[in-house]
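> Below are the structure tokens for one structure; questions will follow.
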Amino acid sequence: MGTSSGTRYLTVGLLVPDVVQDVDEFLSVSGLCRTVGRGTGDVKDYTFFSYRTCLFVPDSRRQGVDEWDPRGWWPGPLSHLCPQLCGSEGALPREGPCLPRPLTAWQKLKQLNQFPDFNNYLIFVLTRLKSEDEPTRSLSGLILKNNVKAHYQSFPPPVADFIKQECLNNIGDASSLIRATIGILITTIASKGELQMWPELLPQLCNLLNSEDYNTCEGAFGALQKICEDSSELLDSDALNRPLNIMIPKFLQFFKHCSPKIRSHAIACVNQFIMDRAQALMDNIDTFIEHLFALAVDDDPEVRKNVCRALVMLLEVRIDRLIPHMHSIIQYMLQRTQDHDENVALEACEFWLTLAEQPICKEVLASHLVQLIPILVNGMKYSEIDIILLKGDVEEDEAVPDSEQDIKPRFHKSRTVTLPHEAERPDGSEDAEDDDDDDALSDWNLRKCSAAALDVLANVFREELLPHLLPLLKGLLFHPEWVVKESGILVLGAIAEGCMQGMVPYLPELIPHLIQCLSDKKALVRSIACWTLSRYAHWVVSQPPDMHLKPLMTELLKRILDGNKRVQEAACSAFATLEEEACTELVPYLSYILDTLVFAFGKYQHKNLLILYDAIGTLADSVGHHLNQPEYIQKLMPPLIQKWNELKDEDKDLFPLLECLSSVATALQSGFLPYCEPVYQRCVTLVQKTLAQAMMYTQHPEQYEAPDKDFMIVALDLLSGLAEGLGGHVEQLVARSNIMTLLFQCMQDSMPEVRQSSFALLGDLTKACFIHVKPCIAEFMPILGTNLNPEFISVCNNATWAIGEICMQMGAEMQPYVQMVLSNLVEIINRPNTPKTLLENTAITIGRLGYVCPQEVAPMLQQFIRPWCTSLRNIRDNEEKDSAFRGICMMIGVNPGGVVQVGQLGSEGRVGAGSGGPSHGIRHVSGLYFLLRRCSLLGEPEG
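Heads up: the sequence shown begins at 2 in this note's numbering, then just goes up one per residue.
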């Protein structure tokens, strides 16, 4: 292998003195067959070693950037790597956790990325190598985009300049795929802080809009649209001298362009600035709206979609400009919600969701309900493509294993301590997954949007909606076509919350029909019937058990064992809702329920197994100690412990299982004792492992990955469940472990959810085995005090509750710590818009502090007595409330003047009782009032 004496060659971007050595290195990188030969160039000979003629050329870095010579690169490594990359599942690495893929191709790319010249080669392939097919050129650009995201700051300036110049020179490529790829590359460079460092970018792109060449204009607009999407705030800032002042009027000019693609780009660009109320747009708002109206009946669906999107956003931020035209806009949206293009219809349907949130909704929409309701109902039918995606023709698939992409990521919700209320019922406001059961259609679609719109409108119009809906419902619910029947059941579920009172007269007839639908031959009908029945579970439970509850429970349990996985999932979720509503009403049927749920363990595939854990945990929460029977324990615990033993510590399926076991341990109380030690030890191990991993990551972030702290959070919550359920029995387990040391670390973790669960566990351990907590109080109390920060509501709530529990154990020994926490607690209870749960726990803890240290707390009585009484009105009588009220009475004894200013307390209490009916909370407030009167501290209330 000869070389010309003294000639230096560039091999993969490096100057090398020994060409053979570098060829071998390059061979090892690219893994391609090696041939050796000599070639003749136009000016001089080149020695080249080829993997399909991969040339090694003289050092190109001595030349200007515009003269970069690609011959040392192409045909080259990408010609070999592209087939491998394109053949893998997904051409480029995804954000987030890495998925299995052919590793060798990506290893080679990673090695090639060590050479700066490789990025010149990538942009050359994208912009100039038009002999290659478009997918290969585009892939080259996407690889370069990834390199820019990861390493742009380390690009040599000549390489960065060459890439930027090539992008601008080729934005008008004849291929729409290449134009789009270049646009992505431009906006990626811009996002790396280059909008300020690339001052010619925006002016050049705006100038290119004036080009008579369609490709150039479209390519420039495509790039501008992406920049507007990614950098909207920066474009409206002084840092760039507010280029929007020029760009917005420029974009508006193109609303009338002859090309629909250009018109669509122009609207999309302007739309990016509506929600932020960019001043440049607000200055041109009337022109913008006028232009939108002119495009309302555009032939192009993408234009119509962007018009609808603009009107929806304007409805939210500039409704004042739309009100004069509201009748016409509503009529337009009624038409577009029926658009033959589903993307347009979906965008228009969003209008009703947004309008429902506006105060003027009832006024402007009431007269249009007769048109709107049938349109929304029609949109709730499955489309043909929906049915194909959902495999609606497959009735039995229980034996088919789940694919991993079917399983949604689960995020553990940390434990929050709440107090029981009078007339308590589950709060559905946190049910973020209460949708219409088409999880396989993960994308937001017209069916889901129509159902959501009907739901929110039902909450606005209540029973006024029913005259427009009931005539349609009967025809839908009994329709011979299953698709129509299924949509009727969905409609019934969608209006359940808003129209419940108006629907009550019809429910005695409708509920049996829905229960009958649970046996329908079509799986999609059975699954939606489960969901809709769950929406009426509260009414079902309010009736005599034999009337509806028992038949519904029986049929839902059958569907839990359905042969269709979708039905299993819907039935499990619906049964969990029924459990929450029925609570101890289910106790007589526990044996039958447990038989069914345990049988499902052996029947379910991966995804539904996770939902089954939730159903079991909810059952335990709902029936409580009634589950603590030897017969029930023997049925329930073996399969749970078997799953517990099968799962490894790093398996995320532990999350739902730990949550389930936490509820079960709390319910079983002493019945959990035979299983507690291995469960306890594993939880401690999970906490210890996660803390160790976090420390290694903090010390050596380049060597270790950040741990998933959800493992620690669920372990802490299960330990809380064990402490709450086992009570004093947990003492020996705590004594034999280092949990207090670990808890001290967890309480100071940077992640709020970890602190939240830590404080819950601290409170439970304080109640169960204070002997192990007391030695740590001096270290724990300052941490609790610093976490009385209502910016982190749940953390603050649990810290507050834990302080209250510590008070009751410490007694007068709490005195050194009162001032550490009292001022923060008083500030929280007086803070406007503080969530009810936090107010209640704060009031309890202040009362308990006063109970054990009245001399220290009483001087501040006047600052909190009024919100204190208000906060505890509706709390059910219990030990916590009793100790808090005793504390208030002791503080009044120390500082009676602290309540003199609350002159109208008694009359407020009586008004509350008269308007809302008597309750234990009101009786306590009134009792306090009469106690004060007997002490002659309050005058007789007026009236």
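In this text, a Cβ means the ideal position worked out from N, Cα and C, and glycines have one as well.
Using the C-alpha atoms, what's the distance from L206 back to I187?
Along the sequence shown, one-based indexing puts residue 187 at 186. Along the sequence shown, one-based indexing puts residue 206 at 205. Each residue's Cα considered, the two are about 11 Å apart.
> Take the Cβ of A961 as the centre, count every other Cβ of all protein chains shown within 10 Å, and call the residue buried at 16 or more, exposed below.
Examination of residue 961 is not possible in this model, given that the chain is present from 2 through 944 alone.
> Using CA atoms only, rank isn't needed, just tell me which of P631, D563, W645 and I642 is closest to N609.
As a first step, residue 609 is located in the sequence shown; it is residue number 608 there, counting from the start. Per the Cα distances, D563.
> In three-state terms, what does DSSP make of Y383?
The residue labelled residue 383 in the question sits at position 382 within the sequence shown. Coil, per DSSP.
> Closest by CA to N242, which one among A281, K257, D300 and D521?
On the sequence shown, position 241 is the one that residue 242 refers to. It is A281.
> Give me the Cβ distance between C808 and L850, rounded to the nearest whole Å; I'm assuming they're in contact under 8 Å.
Numbered from 1 along the sequence shown, position 807 holds the residue referred to as residue 808. Numbered from 1 along the sequence shown, position 849 holds the residue referred to as residue 850. With a Cβ gap of about 6 Å, C808 and L850 count as contacting.
> Taking 6 Å as the limit between beta carbons, can you name the residues of its chain near I740, skipping five residues before and five after?
Position 739 of the sequence shown holds residue 740. These residues qualify, in order along the chain: V685.
> Rounded to the nearest angstrom, how far is the Cβ of T288 from that of L315, given a contact under 8 Å?
Numbered from 1 along the sequence shown, position 287 holds the residue referred to as residue 288. Numbered from 1 along the sequence shown, position 314 holds the residue referred to as residue 315. In fact, because the Cβ distance is near 13 Å, the residues do not count as touching under 8 Å.
> Nearest to S488 by CA position, among L719, A530 and G812, is which residue?
Within the sequence shown, the letter at position 487 stands for residue 488. When each option's Cα is compared against that of S488, the closest is A530.
> Pair every Cβ in the stretch 719-734 with every Cβ in the stretch 692-702, then say whether three or more of these pairs are closer than 8 Å.
Because the criterion of three Cβ pairs below 8 Å is not met, the stretch 719-734 and the stretch 692-702 do not touch.
> In the DSSP assignment, the alpha helix (DSSP H) including M334 goes from what residue to what residue?
The count along the sequence shown starts at 1 and reaches residue 334 at position 333. Per DSSP, M334 belongs to the alpha helix (DSSP H) from M327 to R337.
> Going by C-alpha to C-alpha distance, which of A779, I376 and A769 sits closest to Q970?
Look at the range of the chain in this structure, 2 to 944, and you will see that residue 970 is not part of it.
> What is the rounded straight-line gap between the Cα of I164 and the Cα of Q704?
The residue given as residue 164 occupies position 163 in the sequence shown. The residue given as residue 704 occupies position 703 in the sequence shown. Cα-Cα distance, rounded: 32 Å.
> Quick one, which of N834, S384, S663 and P753 has its alpha-carbon nearest I617's?
Locating residue 617 in the sequence shown gives position 616, where the first residue counts as 1. Looking at the Cα atoms, S663 is the closest of the given residues.
> Can you find at least 3 beta carbon pairs, one from the stretch 355-375 and one from the stretch 477-491, that sit closer than 8 Å?
Because the criterion of three Cβ pairs below 8 Å is not met, the stretch 355-375 and the stretch 477-491 do not touch.
> Distance cutoff 8 Å, beta carbons only. Does L826 sit that close to anything in chain C?
Here chain C cannot be found, since the structure has a single protein chain.
> Counting only the same chain and skipping the five closest in sequence on each side, list residues whose C-beta sits under 7 Å from that of N171.
Indexing the sequence shown from 1 puts residue 171 at position 170. If we look at N171 and ignore the five residues flanking it on each side, its Cβ neighbours are T128 and I183.
> Does G603 come out as helix, strand or coil in the three-state DSSP assignment?
Residue mapping note: residue 603 aligns to position 602 of the sequence shown, counting from 1. G603: coil per DSSP, three-state reduction.
> Could you spell out the range, first to last residue, of the alpha helix (DSSP H) harbouring N147?
If you number the sequence shown from 1, residue 147 lands on position 146. Looking at the DSSP string, the run of the alpha helix (DSSP H) that includes N147 is E135 to H152.
> Quick check: what's the CA-CA separation for P136 versus A181?
As a working note, residue 136 is residue 135 in the sequence shown. As a working note, residue 181 is residue 180 in the sequence shown. Approximately 12 Å between the Cα atoms of the pair.
> Please classify M334 as buried or exposed, where buried requires at least 16 other C-beta atoms within 10 Å of its C-beta.
Start at 1 with the first residue of the sequence shown, and residue 334 comes out as number 333. Looking at its Cβ environment, which holds 16 or more other Cβ atoms inside 10 Å, M334 is buried.
> Could you give the residue range of the alpha helix (DSSP H) that holds A281?
Against the sequence shown, residue 281 aligns to sequence position 280. That run of the alpha helix (DSSP H) goes Q280 to M283.
> Identify which residue in C797, P776 and E792 has its Cα closest to the Cα of G786.
The count along the sequence shown starts at 1 and reaches residue 786 at position 785. Among C797, P776 and E792, the Cα nearest to that of G786 is on C797.
> Among G194, E881 and I275, which has the Cα closest to the Cα of Q810?
Mapped onto the sequence shown, residue 810 falls at position 809. Here the closest residue by C-alpha is E881.
> Threshold first: 4 residues or longer. Then list the alpha helix (DSSP H) segments lying entirely within the stretch 516-599, N to C.
For the stretch 516-599, whole alpha helix (DSSP H) runs of length 4 or above, ordered along the chain, are 524-536, 538-543, 551-561 and 566-583.
> Give, in chain order, every unbroken run of the alpha helix (DSSP H) that is at least 4 residues long and sits entirely within the stretch 822-886.
As far as the stretch 822-886 is concerned, its whole alpha helix (DSSP H) runs of at least 4 residues are 837-853, 855-858 and 862-872.
> What are the start and end residues of the alpha helix (DSSP H) that includes I772?
In the sequence shown, counting from the first residue as 1, residue 772 sits at position 771. I772 -> alpha helix (DSSP H) spans F771 to V774.
> Looking at C-alpha atoms only, which residue of P552, V541, H539 and I496 is the closest neighbour of L519?
If you number the sequence shown from 1, residue 519 lands on position 518. For L519, the nearest C-alpha among the options comes from P552.
> What is the DSSP secondary structure of D174, reduced to helix, strand or coil?
As a working note, residue 174 is residue 173 in the sequence shown. Three-state DSSP puts D174 in coil, outside helix and strand.
> With a 10 Å radius around its C-beta and 16 neighbouring C-beta atoms as the bar for buried, classify M554 as buried or exposed.
The residue you call residue 554 lines up with position 553 of the sequence shown. M554 is buried by the Cβ-count criterion.
> Grab the span of the alpha helix (DSSP H) containing H292 for me, first residue to last.
Stepping through the sequence shown from its first residue, residue 292 is reached at position 291. Looking at the DSSP string, the run of the alpha helix (DSSP H) that includes H292 is I286 to A295.
> If I measure Cβ to Cβ from E632 and keep anything under 8 Å in the same chain, skipping five residues before and after, which residues do I get?
The residue you call residue 632 lines up with position 631 of the sequence shown. Within the same chain, E632 has close Cβ partners S592.
> Counting Cβ pairs, one atom from each stretch, are 3 or more of them under 8 Å apart for the stretch 265-275 and the stretch 293-309?
With the cut-off at 8 Å, the stretch 265-275 and the stretch 293-309 touch.
> Could you give the C-beta distance for V149 and I190, rounded to a whole number, given that I count them as a contact under 8 Å?
For the purposes of this step, residue 149 is taken as the residue at position 148 of the sequence shown. For the purposes of this step, residue 190 is taken as the residue at position 189 of the sequence shown. Sure, about 6 Å apart at Cβ, within 8 Å.
> Exposed or buried, H292, counting other C-beta atoms within 10 Å across all chains shown (16 or more means buried)?
Along the sequence shown, read from residue 1 onward, the residue named residue 292 stands at position 291. Looking at its Cβ environment, which holds 16 or more other Cβ atoms inside 10 Å, H292 is buried.
> Could you tell me which of V588, N216, L550 and P509 sits nearest to A575, measuring between CA atoms?
Here the question's residue 575 lines up with position 574 in the sequence shown. Ranking V588, N216, L550 and P509 by Cα distance to A575 puts L550 first.
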